[in-house]
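Asker: Letter by letter, the sequence shown follows residues 233 to 1242 of the numbering used here.
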Amino acid sequence: MGGRLALVVGSECVALGELGFTGELATGLYASLTEVGGWRSATELDGPVLDPTAGQLATVMDAAFAEAGERQATLLLAFIGHGVTTSAEDFYLLAHDSPAVPNSRNAFHLTQEIRERLNQSALDGLVVLVDACETGQGVIGAARRWTDLLAQSAGRMEMLVAAGEGPAFSGCFTRTMLSTFDVGLPLRGENLLPADLVDPIAGSCVHQQPQYLSFTSGSVSVAHTADPGLWLVPNTARHRDAVSGRSAAGFVDQLTRGLLVTPDVREHLDAIVDAGSHRLRVVIGPAGAGKSTLLAMLIRPSLVEGLAVTPEYVTAAVFLTAASSIEAVAAELAAQLSARLPGFAEAAQTVRAHRARDEFDIFDLSVRHPLARLSTAGRRVTLVVDGLNQPQEGTRRLLVSAIADLTRRDDLRHVRVIVGIRDGTGVERSPKLAHMHRIEVGEPAADDIATVVGSARGSGAPADPADWVNWIQSLLAETPTSVGDESHVVSGGWLLARMLAEVASSITDGAVAAGIGFDRIVALRVEGALRGMSAETSGAAGTFLSVLVAAGVGPVLPIELLDAAMTALGVDFHIARIRDMTVVLGALVTRSRPGTPRESLGVTHSALLPGLRNECRLLGVDLEDAHRAIVTAIKESTSDRAADYARGSAVRHCLAYRDSASALHFLELLETARSADNRDLWAAWVPAFLETLGPDHPDTLTTRSREAYHRAESGDLVGAITAFELLLDDRLRILGPDHPKSLGTRANLATYRARCGDYIGARAEYKRLFSDQRRLLGPDHPDTLRTRNDLASNRADLGDLVGAIADFEELRADRSRVLGPEHPQTLKTRNSLAYWRAETGDFAGARADFEQILDDCQRVFGPDRPATLAARNSLAAFRARSGDLAGAGAEFKHLLADRLRVLGPDHPDTLTTRSALASYRADAGDLPGAIADFARLLADRLRVLGPDHPDTFATRNELADRQARNGDIPGAVAELEVLLVAELRALGPTHAATIRTQSTLAYWRDQLER
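#1: Sort Asp961, Thr614, Ser557, Glu267 by Cα distance to glycine 508 and report the nearest one.
#2: In three-state terms, what does DSSP make of asparagine 1063?
#3: When you compare each of Leu844, Ala861, Asp804 to leucine 789 by their alpha carbons, which one comes out closest?
#4: Please name the residue or residues paired with phenylalanine 311 in a DSSP beta bridge.
#5: For the beta strand (DSSP E) holding histidine 669, just list the boundary residues, first then last.
#6: According to DSSP, glutamate 390 sits in a beta bridge with which residue or residues?
#7: In this structure, does DSSP put phenylalanine 921 in helix, strand or coil?
#8: Decide yes or no for the touch test of the region 569-580 against the region 547-555: beta carbon pairs closer than 8 Å, at least 3 of them.
#9: Since isoleucine 1037 is in the alpha helix (DSSP H), which residue starts that stretch and which ends it?
#10: Tell me the DSSP secondary structure of leucine 1233 in three-state form.
#11: Following the continuous alpha helix (DSSP H) through aspartate 596, name the residue where it begins and the one where it ends.
#12: Using 8 Å as the cut-off, can you tell me whether the region 1210-1223 makes contact with the region 1175-1183, which would need three or more C-beta pairs spanning the two stretches below that distance?
#13: How would you write the range of the beta strand (DSSP E) that threonine 614 sits in, first residue to last?
#14: Just the C-alpha distance for valine 649 and histidine 601, rounded to the nearest angstrom, thanks.
#15: Hey, how far is the Cα of tryptophan 726 from the Cα of threonine 683?
#16: Output needed for proline 623: all residues of its chain with C-beta closer than 6 Å, excluding positions within five of it in sequence on either side, in chain order.
#17: Is DSSP giving arginine 645 helix, strand or coil here?
#18: For the alpha helix (DSSP H) that alanine 994 lies in, which residues bound it at each end?
#19: Name, in chain order, the residues that DSSP records as bridge partners for serine 832.
#20: Indicate the three-state DSSP secondary structure (helix, strand or coil) for aspartate 322 in the structure shown.
#21: Give the DSSP-derived three-state secondary structure of alanine 549 in the structure shown.
#22: What are the residues that DSSP puts in a beta bridge with valine 246?
#23: Drop a sphere of 10 angstroms on the beta-carbon of glycine 742, count the other beta-carbons inside from all chains shown, and report buried for 16 or more, exposed for fewer.
#24: Suppose the cutoff is 7 Å on Cβ atoms and the five residues either side in sequence are ignored; what does the same chain contact list for aspartate 717 look like?
#25: Which residues share a DSSP beta bridge with serine 336?
#26: With DSSP as the reference, please indicate the residues paired to glycine 517 in a beta bridge.
#27: Is the beta carbon of tryptophan 378 closer than 7 Å to that of arginine 347?
#28: Count the other CB atoms, across all protein chains shown, that sit within 10 Å of the CB of alanine 1204; report buried if there are 16 or more and exposed otherwise.
#29: Excluding the 5 residues preceding and the 5 following glutamate 660 in the sequence, name in chain order all residues of the same chain whose CB lies nearer than 7 Å to its CB.
#30: Kindly indicate which three-state DSSP category asparagine 423 falls into: helix, strand or coil?
#31: By the 10 Å Cβ neighbour count, where 16 or more other Cβ atoms means buried, how is valine 583 classified, buried or exposed?
#32: Can you tell me whether lysine 523 is buried or exposed, with buried defined as 16 or more other CB within 10 angstroms of its CB?
#33: Counting only the same chain and skipping the five closest in sequence on each side, list residues whose C-beta sits under 7 Å from that of alanine 1186.
#34: For proline 1221, which of helix, strand or coil comes out of DSSP?
#35: What residue range is occupied by the uninterrupted alpha helix (DSSP H) comprising cysteine 886?
#36: Bridge partners of leucine 526, per DSSP?
Quick look at the structure:
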């Protein structure tokens, strides 16, 4: 269950005289913690506990520990009031009825009482805040008597008290804490930690010295090396940052913690800022050289003294990972822009409510078009996109195209984009990014790193510092074995510095002389973590690491999925222990939203992966099992975060253990009602299937087929035909001409050629296909019958209605015999037959057919099945064609209500019904009302189907035609000219929609010239 529970106590001890402020400060602290920090009461009382007796104080402490232990929650204990030390390590919190000289029966012995409760509770971390006199011995006692219990489970604790051996004055400790909560600390992270308050309290409370103690990573510390998950309240000073409150905030915290701003770092920052006239700036350097840290400093410029920008300089920022998708990036940028850029949210609403002629994907809808509407002079928008080399190749291509559009289009001249790219990955050589301004980031100097490491080693300085500098220089000189392969990645200087700082005490001069490499440094870090764990906890470390390595780089894996994956691997670890282990592993693990239910984790950097994979092998865990476990966790979870993670990573995990069938299944589940999005979804994953399975694997071919299909359905018929032609060549080569998949690809090609208006070419292909299907599958196979249906429709398209009707009559008889008279395919044939009969003027026969089909559908399927609704649609359309406009309009109104109820507002059939109603409204003479209906329909078809879908094109044509009939001929002609260009590009010159637009345009041009 987890959570964050707080117990705040304000206690006036009668024996020592009235303080006068405990109730006020306890109430204020409780309010800040709960209202701002999101803590919940650890007891049934919603508020602080004021002036308890000794018995009551012990009881509420019991209740708080019991509730936190049962929930495996983080527990915060805060005490404001009288405290007294009687001897070494004997510090008491005094209750209302405690004597001036207390004992453990009439007061609360902090060290012993907390120890006893720790021994019985499984907490997700403990925070202790004490505003009382003489608290120093309490800290000493905690350091000696709590930590052995915490060490057994790799637990975590933060303790901050008001004073050492002397008095605390007038509640200054708590007053300063509350005022700091209000204004924040510009030089600290996303959230305020107990350690962050030491300096403000010491500065404000000059007559007392606050004492701080931390237990993390299996050791006691008085340095500011806290667990970021044990935070108090959000840091209000960070609210102006682009990533404030977002998942990337924790990652930025980690990047900027312990920041060392060298002259080179400052020079790089100035170079980025000074190049602001360039629309695209790219920060390029080796892995771990500090590119992400530079961009994090731009997001938080107050960390760098004298940097001439404010937090508003970066409008929005994303840090990409292997799990990033174009949809997730667009959503994250849009969310930040809506919060930070005045007018963006309204512009985004306008884009969705009005037509945009050239939008192609979700990035355009969510980011590009709204930004284009905000091109007011002087309004500068700066976006940061770090790690462009990180996502899957297909997603990376989409992102590169999006960045190129943002930094090249004239309507986006107010937009600047700063990108981080790892050198040597090839992304920086993309022709679409050729207009970039490059900022090269090199390695830090070896002696700078040696200085950082030397301070971490403390008294254990190396015998010969020059040897260490030379060794570090050799680590910096390591080169990858393959640029495109992460089997060995350059570690980079600042990543190396962080790792060395954490293992400095474990590195001997002999190891330096032997020239150990970066992977060995990673191994030392893991070994050090294991050394401080209990046997049970260390036994689960390999499983924990394997799941993180499988998840990949960056804080990508939701903590609840990590927990479920470990359970699937047989380790019942729980989230509290996961956080314990996360802190113990230090720089190896990165976190977002630490200490909250929405926490996510991952490996800090790609350079760590080779060493961590090797450690997993040594610990006896199989990474393929970890990938399987994550997939199992995804399948069993119903959370929104699991669904979001699955969109970016489920396919990758399935492919990691070559379960391509499951990968295809996940892709099918990720499809939406919008064909353009589905096209991009499949296109993004085609490269991964190619890389993992090879170009000739059946599932790779299936992936290409799905991408081509959605390309066609999104309206790009020309591109789809090309894709299907290439796919057919490969399927003929691999599978042979008689394989069902080869036959299916030929059917797709014929269908989309017919849609493009190439009826003659399509008929020739249909005939050849029919001959082969009859030979291979037999005359009664459903695919053979389907091709006969296509041939009959094609015959009608070519104008031979009599011949088409004869073909449909024969097909109806055969489908009735083979499939049954009430099979959906049989009913479809009967519907086609009735339609073409009406086209030849046989209205009586057609009407009887349509009515009989509807009766049969209602009897067989019921009133709400799509087949029944489709039959009602056909009958209503027939009434309109036969002149009964009033009857047709009434039926379409009823049909629309039912389709909205059964199918929803975005179903293509619902949109088709709205189109019919708008047409009848126009035919009835209400042109303004029809124009409004078509405009709303166009906005929805753009959103649902995409701009290149034939139905979207048809709506644009209808709208322009009605506008012209309503008097706006110049505007209609201009719209039709733009529409014709789009249709020629997407559908080709022979498509019926293109020909229709040419005809409509010619008519209205003629009217305009008269």
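Ideal placement from N, C-alpha and C gives every residue a C-beta, glycine not left out.
Quantities reported herein were computed from a predicted structural model and do not represent experimental measurements.
Answerer: With the given structure in hand:
#1: That would be Thr614, whose Cα lies nearest to the Cα of glycine 508.
#2: It is helical.
#3: When each option's Cα is compared against that of leucine 789, the closest is Ala861.
#4: Residue pairing by DSSP puts phenylalanine 311 in a beta bridge opposite Val241, Val362.
#5: Counting along the chain, the beta strand (DSSP E) containing histidine 669 begins and ends at 669-672.
#6: Note: glutamate 390 is bridge-paired with Val359, Ser446 in the DSSP secondary-structure output.
#7: Phenylalanine 921: helix per DSSP, three-state reduction.
#8: At 8 Å Cβ cutoff, the stretches touch.
#9: Unbroken alpha helix (DSSP H) run through isoleucine 1037: 1033-1050.
#10: The three-state reading of DSSP puts leucine 1233 in helix, counting H, G and I together.
#11: Counting along the chain, aspartate 596 falls outside any alpha helix (DSSP H), and DSSP gives it neither H nor E.
#12: Segments in contact, yes.
#13: Threonine 614 -> beta strand (DSSP E) spans 613-618.
#14: In this structure, the CA atom of valine 649 is about 16 Å from the CA atom of histidine 601.
#15: The alpha-carbon separation between tryptophan 726 and threonine 683 amounts to approximately 12 Å.
#16: When the five nearest sequence neighbours on each side are left out, the beta carbons in the same chain lying within less than 6 Å of the beta carbon of proline 623 are those of Leu552, Ser556, in order along the chain.
#17: Arginine 645 falls in the coil class under three-state DSSP.
#18: For alanine 994, the uninterrupted alpha helix (DSSP H) run begins and ends at 991-1008, by DSSP.
#19: Paired residues: Pro790, Ser824.
#20: DSSP places aspartate 322 in strand when its eight states are reduced to three.
#21: Here alanine 549 sits in strand by DSSP.
#22: Answer is none; valine 246 lacks a bridge partner.
#23: Per the 10 Å Cβ criterion, exposed.
#24: Annotation note: pLDDT 39 at aspartate 717 (below 50); position unreliable, no value reported.
#25: Listed as beta-bridge partners of serine 336 by DSSP are no residues whatsoever.
#26: As computed with DSSP, glycine 517 is found in a beta bridge with Arg654.
#27: The criterion of a C-beta distance shorter than 7 Å is satisfied by arginine 347 and tryptophan 378.
#28: Buried.
#29: Cβ neighbours of glutamate 660 beyond the five flanking positions: Val514, Ile516, Ile653.
#30: Residue state, collapsed to three classes: strand.
#31: A residue is called buried once 16 or more other Cβ atoms fall within 10 Å of its Cβ, and valine 583 is buried on that count.
#32: Counting of Cβ neighbours within 10 angstroms places lysine 523 among the buried residues, the total reaching 16 or more.
#33: Taken in chain order, the residues that qualify are Ala1225.
#34: Coil at proline 1221, not helix or strand.
#35: Here the alpha helix (DSSP H) through cysteine 886 covers 872-888.
#36: Answer is none; leucine 526 lacks a bridge partner.
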